[in-house]
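Just so we're aligned: 188 in UniProt numbering is position 188 of the sequence shown, and the numbers increase by one with no gaps anywhere. Worksheet: the structure to be examined is printed underneath.
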Amino acid sequence: MGAFQKVIIVGAGPAGLLLALFLSKEMIPVHVLEAASEIDDQPRATHYGPAGVQELERAGVLEAIRAEGFLPKDLCWRKEDGSIIAELQQEHIPLHSRVTSLPVNRVAHIILDALRQHPTAKVDFNYKVTRTGQDDDKAWVEVETPAGVKTLEASYIVGSDGASSTIRKNLFGDSFPGQTWEPWFIASNVYYDFDAHGWDDINFVIHPQNWFMAARITKDGLWRVTYGEDGKLTREQCIERQQERYRSMLPGNPGSEQYKLTNISPYRVHQKCAEKFRVGRFLLVADAAHLCNPFGGFGLTSGIVDVGGLYDCLSGIYNGLADESILDKYDEIRRRIFIEQVDKLSTANLQRVMMTEPGRALELDPFLNAAANAKKDPEAAARLAQMARGANALKHDFRQYYKTFKTESSASEHLCCT
Numbered sequence: 001m002g003a004f005q006k007v008i009i010v011g012a013g014p015a016g017l018l019l020a021l022f023l024s025k026e027m028i029p030v031h032v033l034e035a036a037s038e039i040d041d042q043p044r045a046t047h048y049g050p051a052g053v054q055e056l057e058r059a060g061v062l063e064a065i066r067a068e069g070f071l072p073k074d075l076c077w078r079k080e081d082g083s084i085i086a087e088l089q090q091e092h093i094p095l096h097s098r099v100t101s102l103p104v105n106r107v108a109h110i111i112l113d114a115l116r117q118h119p120t121a122k123v124d125f126n127y128k129v130t131r132t133g134q135d136d137d138k139a140w141v142e143v144e145t146p147a148g149v150k151t152l153e154a155s156y157i158v159g160s161d162g163a164s165s166t167i168r169k170n171l172f173g174d175s176f177p178g179q180t181w182e183p184w185f186i187a188s189n190v191y192y193d194f195d196a197h198g199w200d201d202i203n204f205v206i207h208p209q210n211w212f213m214a215a216r217i218t219k220d221g222l223w224r225v226t227y228g229e230d231g232k233l234t235r236e237q238c239i240e241r242q243q244e245r246y247r248s249m250l251p252g253n254p255g256s257e258q259y260k261l262t263n264i265s266p267y268r269v270h271q272k273c274a275e276k277f278r279v280g281r282f283l284l285v286a287d288a289a290h291l292c293n294p295f296g297g298f299g300l301t302s303g304i305v306d307v308g309g310l311y312d313c314l315s316g317i318y319n320g321l322a323d324e325s326i327l328d329k330y331d332e333i334r335r336r337i338f339i340e341q342v343d344k345l346s347t348a349n350l351q352r353v354m355m356t357e358p359g360r361a362l363e364l365d366p367f368l369n370a371a372a373n374a375k376k377d378p379e380a381a382a383r384l385a386q387m388a389r390g391a392n393a394l395k396h397d398f399r400q401y402y403k404t405f406k407t408e409s410s411a412s413e414h415l416c417c418t
């Protein structure tokens, strides 16, 4: 028997399911509660950066994700006319660190399938948390279920229930410090022949108004096109403008008969961080804890890295290797990493594509300058590598706070990087 009894995880998104999988592999009892009737099948986020990829590998699901998804080969930044400003090749990056693409709904299904192989894990859908509470010994949630209202108890309860987190709101009310970006973000999925126009797997078009991203997201040729619209428009007006925007933005200026639109979703984008990631026996991870814009994949990746860190903390407590103070380290360090790394890097990525003078991009942006010169200039390549280390700073190894900390070869890719 471990040092505590059970963990309840609220939210069956990829982060919550991944944490449940990590814990169940150690035979730690875990119960996942999801308010919806099934996994959210909206494609949403699609790309997983190196730090997240390494956690997916540690959980044993990366091979299945890559079998269904794919590894983008290259990315570039372009002017509005499609001409390349800077380009980065990915194929030379070690396989274990390569960006991986698969829509997050499919990742969630893959993790759920793996989780169901473990007898200490339980997942219930149509379980809506309405109230929470805790004392010195336990935490509890009141849940509306198909069988009526239930009160469920656990040693720890993790809020992994997304941007509108019930757990976070029960802890902090409506307080979620940060900002909301003015424009609408329009996420659309489309089958269109970008290859015929020589476009890379990931493309960022720089323009003060007509900025957008076009990225291949599946093996069968589905692309994600994300662009901005005036924040004063209604959702309906944003959707009505899609054909006009595609015709003006995309290479080849296609009409609607030249592509197949499968999804379109206007949404608001935020840069926010909860006041704390731990309040007693309640903990927050991923979008329940923090939000950022999607350019660069930092939101999804940092959420996955949250999970890996929290798993190490809970595992340490359960196995008698750490006391509860390690959860204060989780709160302190994961918040600091979001504020100092994720928020700043994701904001810089978005501001880069919104640049007011695309023609001076190489002059004004050191990152783009280093990327453009990396192939022919060793000093530029070194500068680029130094900048890229910011992505590695998303990680932190909480096992160093165990009573006995040993560096093992199997853990060599999960060492402290902050």
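Backbone N, C-alpha and C define an ideal beta-carbon position, used for all residues, glycine too. These figures come from a predicted structure and were not determined experimentally.
Checklist entry - If we count the other Cβ atoms within 10 Å of its Cβ and call it buried at 16 or more, is Gly13 buried or exposed? => result By one-based count along the sequence shown, residue 13 stands at place 13. Buried, because 16 or more other Cβ atoms sit within 10 Å of the Cβ of Gly13.
Checklist entry - Looking at the unbroken beta strand (DSSP E) that takes in Met213, where does it start and where does it end? => result Against the sequence shown, residue 213 aligns to sequence position 213. Element bounds for Met213: 212 to 216.
Checklist entry - Of all the beta strand (DSSP E) runs that stay within the bounds of the segment 187 to 270, which reach a length of 3 or more residues? => result As summarised for the segment 187 to 270, the continuous beta strand (DSSP E) elements at least 3 residues long and confined to that stretch are 202 to 205, 212 to 216, 222 to 229, 260 to 267, given in chain order.
Item to check | Ordered list of beta strand (DSSP E) runs contained in the segment 17 to 103, each at least 3 residues | outcome: 30 to 34, 74 to 78, 84 to 89
Next on the checklist: Report the CB separation of Gly69 from Thr100 in whole angstroms; it is logged as a contact under 8 Å.
Outcome noted: Start at 1 with the first residue of the sequence shown, and residue 69 comes out as number 69. Start at 1 with the first residue of the sequence shown, and residue 100 comes out as number 100. About 6 Å; that satisfies the 8 Å criterion.
Item to check | Contact check, Asn253 vs Arg247, beta carbons under 8 Å | outcome: Sequence index remark: in the sequence shown, residue 253 carries index 253 (1-based). Sequence index remark: in the sequence shown, residue 247 carries index 247 (1-based). Yes; because the gap between Cβ atoms is below 8 Å, this pair is in contact.
Next on the checklist: Within a Cβ cutoff of 6 Å, which residues of the same chain sit near Pro146, ignoring the five residues on either side of it in sequence?
Outcome noted: The residue you call residue 146 lines up with position 146 of the sequence shown. Counting only Cβ-Cβ distances below 6 Å, and skipping sequence neighbours, we find Asn126.
Checklist entry - What is the rounded straight-line gap between the Cα of Arg268 and the Cα of Ala187? => result Reading the sequence shown from its first residue, position 268 is the one you call residue 268. Reading the sequence shown from its first residue, position 187 is the one you call residue 187. Approximately 11 Å, taken between the alpha carbons.
Item to check | Cβ neighbours of Cys416 in the same chain (closer than 7 Å, five flanking residues each side left out) | outcome: Position 416 of the sequence shown holds residue 416. Reliability fails at Cys416, whose pLDDT of 32 lies under 50, so the model's placement of it is uncertain and the value that follows must be treated cautiously. Closer than 7 Å at the Cβ level, and outside the excluded window around Cys416, lie His396, Asp397, Gln400.
Next on the checklist: Let's test the definition: count the other Cβ atoms within 10 Å of the Cβ of Gln179 and tell me whether it reaches 16, buried, or not, exposed.
Outcome noted: Looking up residue 179 in the sequence shown gives position 179. Result: exposed.
Next on the checklist: Going by the DSSP bridge assignment, what does Arg352 pair with across the sheet?
Outcome noted: As a position in the sequence shown, residue 352 is number 352, starting the count at 1. DSSP lists no beta-bridge partner residue for Arg352.
Checklist entry - Does the distance from the C-beta atom of Ala371 to that of Ala121 stay below 8 Å? => result By one-based count along the sequence shown, residue 371 stands at place 371. By one-based count along the sequence shown, residue 121 stands at place 121. No; because the gap between Cβ atoms is not below 8 Å, this pair is not in contact.
Checklist entry - Can you tell me whether Lys6 is buried or exposed, with buried defined as 16 or more other CB within 10 angstroms of its CB? => result Along the sequence shown, one-based indexing puts residue 6 at 6. In this structure Lys6 is buried. Its beta-carbon is surrounded by 16 or more other beta-carbon atoms within 10 angstroms.
Checklist entry - Applying the criterion that 16 or more other CB atoms from any shown protein chain within 10 Å of the CB defines a buried residue, is Pro177 buried or exposed? => result Here residue 177 corresponds to residue number 177 of the sequence shown, with the count starting at 1. Pro177 should be labelled exposed.
Checklist entry - Apart from the five residues on each side of it in sequence, which residues of its chain come closer than 6 Å, Cβ to Cβ, to Gly308? => result As a first step, residue 308 must be located in the sequence shown, where it is residue number 308. So the list reads Glu55, once near-sequence residues are dropped.
Item to check | Proximity below 8 Å, CB of Ser346 to CB of Phe295 | outcome: Looking up residue 346 in the sequence shown gives position 346. Looking up residue 295 in the sequence shown gives position 295. In this structure, Phe295 lies closer than 8 Å to Ser346 by Cβ.
Item to check | Neighbour-count burial assignment, Arg116, 16 or more Cβ in a 10 Å radius | outcome: Against the sequence shown, residue 116 aligns to sequence position 116. Under this definition Arg116 is an exposed residue.
Item to check | Proximity below 8 Å, CB of Asp287 to CB of Gly299 | outcome: The residue you call residue 287 lines up with position 287 of the sequence shown. The residue you call residue 299 lines up with position 299 of the sequence shown. Closer than 8 Å, so yes.
Checklist entry - What is the rounded straight-line gap between the Cα of Ser409 and the Cα of Thr356? => result Here residue 409 refers to the residue found at position 409 of the sequence shown. Here residue 356 refers to the residue found at position 356 of the sequence shown. Confidence at Ser409 is low in this model, with a pLDDT of 38, below 50, so the placement of that residue is unreliable and no value is reported for it.
Checklist entry - Is Ile8 near Leu152, with beta carbons less than 8 Å apart? => result On the sequence shown, position 8 is the one that residue 8 refers to. On the sequence shown, position 152 is the one that residue 152 refers to. It is a contact, given that the beta carbons lie within the stated cut-off.
Item to check | Whether Thr262 touches Leu321 by CB criterion (8 Å) | outcome: Translated into the one-based positions of the sequence shown, residue 262 becomes position 262. Translated into the one-based positions of the sequence shown, residue 321 becomes position 321. No, the pair does not count as a contact, with Cβ atoms beyond the cut-off.
Checklist entry - Is Trp184 closer than 8 Å to Lys257 when the C-beta atoms are compared? => result In the sequence shown, residue 257 corresponds to position 257, counting from 1. In the sequence shown, residue 184 corresponds to position 184, counting from 1. The sequence as given places Glu at residue 257; Lys does not occur at that position. Contact: no.
Next on the checklist: Between Leu23 and the ligand COA, is there a pair consisting of the residue's CB and a ligand heavy atom that are separated by less than 7 Å?
Outcome noted: Because no ligand of any kind appears in the structure shown, any question about the ligand COA cannot be addressed here.
Item to check | Close beta carbons around Pro266, own chain, < 6 Å, minus the five adjacent residues each side | outcome: One-based indexing of the sequence shown puts residue 266 at position 266. Trp184, Ile186, Arg235, Cys238, listed in sequence order.
Checklist entry - Across which residues does DSSP place Trp181 in a beta bridge pair? => result If you number the sequence shown from 1, residue 181 lands on position 181. Per DSSP, none; premise fails for Trp181.
Checklist entry - Helix or strand or just coil, what does DSSP make of Ala12? => result Your numbering for residue 12 matches position 12 in the sequence shown. DSSP places Ala12 in coil when its eight states are reduced to three.
Item to check | Alpha carbon of Val129 to alpha carbon of Val143, nearest angstrom | outcome: One-based indexing of the sequence shown puts residue 129 at position 129. One-based indexing of the sequence shown puts residue 143 at position 143. Val129 and Val143: Cα-Cα distance of roughly 4 Å.
Item to check | Element boundaries [beta strand (DSSP E), containing Gly320] | outcome: Along the sequence shown, one-based indexing puts residue 320 at 320. Run containing Gly320: none; DSSP gives neither H nor E here.
Checklist entry - Who are the Cβ neighbours of Ala163 in its own chain at under 8 Å, not counting the five residues just before and after it? => result Position 163 of the sequence shown, counted from the start, is the residue given in the question as residue 163. So the list reads His270, Asp287, Ala288, Leu291, once near-sequence residues are dropped.
Next on the checklist: For the beta strand (DSSP E) containing Lys375, name the first residue and the last one.
Outcome noted: Looking up residue 375 in the sequence shown gives position 375. From DSSP, Lys375 is part of no beta strand (DSSP E); its letter is neither H nor E.
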